[in-house]
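If you read the sequences in order, they're chains A and Y.
Each residue of the first sequence is one higher than the one before, starting from 16 at the first, in our numbering.
Each residue of the second sequence is one higher than the one before, starting from 259 at the first, in our numbering.
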Amino acid sequence: DQQVKQNSPSLSVQEGRISILNCDYTNSMFDYFLWYKKYPAEGPTFLISISSIKDKNEDGRFTVFLNKSAKHLSLHIVPSQPGDSAVYFCAATPLGQNFVFGPGTRLSVLP
Amino acid sequence: NAGVMQNPRHLVRRRGQEARLRCSPMKGHSHVYWYRQLPEEGLKFMVYLQKENIIDESGMPKERFSAEFPKEGPSILRIQQVVRGDSAAYFCASSPREGNTEAFFGQGTRLTVV
């Protein structure tokens, strides 16, 4: 049973436009959500997180939105840059337990 | 402040041998997580440890796999009698885990079983 889902395996966006990556979860005990970026042959790199008490968190070009009632979160990247091309993983955790990752979405930003 | 260090980066083992993967968490982090990534797949949770304790090993195969995080030294993921299906990238992450916080990942160990 996949508790964290990323239904789009891949996404292509033109440079300068907005990238929107989506994530859905099923476990209502999750209270902290994170996005990681991963390049080939490297470890995942933390991007941005959001607590369940918030519905938005912004850091530079990255904004994460959380809709608790829909059990849905999204990552917006504006403007998208070619260096953003990577696999993006959504992760969730209940306090004090392990992090559960989604299967990832491969983002390609086209120049 | 050094990041999470994993070694070796690449490990080749013949079927039936043992593989030992090491993870040194970030300074001040007492929580370690191990994940496995098979080709073209996401990160699958294996085990969550604190110093000298296994907190959650629900993602660990019941046989051949074990993990430890001793009071002194790195966390070790051990795979006995490796098989071809164990070939994967193994990532370690650490966190201070005082409340909600992110986990920081190492570069991973790529295990190839021949």
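Idealized CB from N, CA, C, for every residue including glycine.
Assignment of beta strand (DSSP E) within the stretch 335-366 of chain Y, counting only whole runs of 3 or more residues, yields 346-353 in chain order.
Exposed is the label assigned to A:T41, since fewer than 16 other Cβ atoms lie within 10 Å of its Cβ.
Counting only runs that start and end inside the stretch 265-292 of chain Y, the beta strand (DSSP E) elements of at least 3 residues fall at 268-271 and 277-282. Under the 8 Å criterion on CB atoms, Y:A361 is classed as interfacial with respect to chain A. Between Y:R271 and Y:L335, the gap from beta carbon to beta carbon reaches 8 Å or more. In the structure shown, A:D99 adopts helical secondary structure according to DSSP, grouped into three states.
Residue state for A:T108 is assigned as strand, using DSSP reduced to three classes. By the Cβ neighbour-count rule, Y:H289 is buried, with 16 or more other Cβ atoms within 10 Å of its own. Taking C-beta separations shorter than 7 Å and ignoring five residues to either side along the sequence, the partners of Y:V372 in its chain run V270 and R272, following chain order. Excluding its 5 nearest sequence neighbours in each direction, A:D70 has C-beta neighbours in its own chain below 6 Å: L81, listed in chain order.
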